[in-house]
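Engineer:
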Amino acid sequence: MLVYIVSSLIIMPPLVFFLVFKLTKRWYPKKKRVHVAGDATTLLFVFAVYFLLRMQLMAFEFYHLLLFLCSMFLLFVILHWKLADEIKLMKVWKGFWRSSFLLFSTAYIILIVLGIATRMFHAFS
Numbered sequence: 327m328l329v330y331i332v333s334s335l336i337i338m339p340p341l342v343f344f345l346v347f348k349l350t351k352r353w354y355p356k357k358k359r360v361h362v363a364g365d366a367t368t369l370l371f372v373f374a375v376y377f378l379l380r381m382q383l384m385a386f387e388f389y390h391l392l393l394f395l396c397s398m399f400l401l402f403v404i405l406h407w408k409l410a411d412e413i414k415l416m417k418v419w420k421g422f423w424r425s426s427f428l429l430f431s432t433a434y435i436i437l438i439v440l441g442i443a444t445r446m447f448h449a450f451s
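The opening residue of the sequence shown carries number 327 in this note's numbering; numbering runs sequentially from there.
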């Protein structure tokens, strides 16, 4: 049962992104639809990347991911403080969330391609 849940989490993020993008067509312009779809699927991409790393590295733990996310958020707080002198938490969170989407969706694509290449290499060697 757990295998089905994990495999669904790995496959779902691009499908959910596309579905949300298409469903919001009536209410938002194209640029805003991308933002809404990205905001809706960020957490799915984070968990998908976690499970892909866990399958490929066999030593990747959840606290590594939490430590990375906390460090990234702290970096955003410091950068915002340096640039604006005043920390607006909603602005910091929005920047963190959207950059997390970009980072983890890119990592997702790279890990999927690496996983397929690794499996093909092992199958043909």
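Here a beta-carbon is modelled for each residue, glycine too, at the ideal position from N, C-alpha and C. Computed from a prediction, not measured in an experiment: that's the story for all the values here.
1. Give me the residue from A433, L341, L345 with the minimum Cα distance to L391.
2. Let me make sure I understand the geometry here. Which of M327, K357, W423, L378 has the alpha-carbon closest to that of G441?
3. Over the uninterrupted alpha helix (DSSP H) stretch that includes R445, give me the two end residues.
4. Starting from W407, trace the alpha helix (DSSP H) both ways and give me its first and last residue.
5. Cutting at 8 Å between CB atoms, please list the residues of its own chain near D365, excluding the five before and the five after it.
6. Could you spell out the range, first to last residue, of the alpha helix (DSSP H) harbouring M327?
7. Count the other CB atoms within 10 Å of the CB of F430; is the residue buried (16 or more) or exposed (fewer)?
8. Would V418 and F402 qualify as a contact pair, given that the criterion is a beta-carbon distance under 8 Å?
9. Using beta-carbon positions only, say whether L437 and Q382 come within less than 8 Å of one another.
10. Taking 8 Å as the cut-off, decide whether the C-beta atoms of F343 and A374 are in contact.
Structural biologist: Taking the definition as stated:
1. When each option's Cα is compared against that of L391, the closest is A433.
2. The option with the nearest alpha carbon to G441 is L378.
3. R445 -> alpha helix (DSSP H) spans 415-450.
4. Where W407 is concerned, the enclosing alpha helix (DSSP H) stretches over 388-410.
5. Contacts found: W423, R424, F427.
6. Per DSSP, M327 belongs to no alpha helix (DSSP H) and is neither H nor E.
7. Buried is the call here.
8. Taking 8 Å as the Cβ cut-off, V418 and F402 qualify as a contacting pair.
9. In this structure, Q382 lies closer than 8 Å to L437 by Cβ.
10. Taking a C-beta distance under 8 Å as the contact criterion, F343 and A374 do not qualify as a contact pair.
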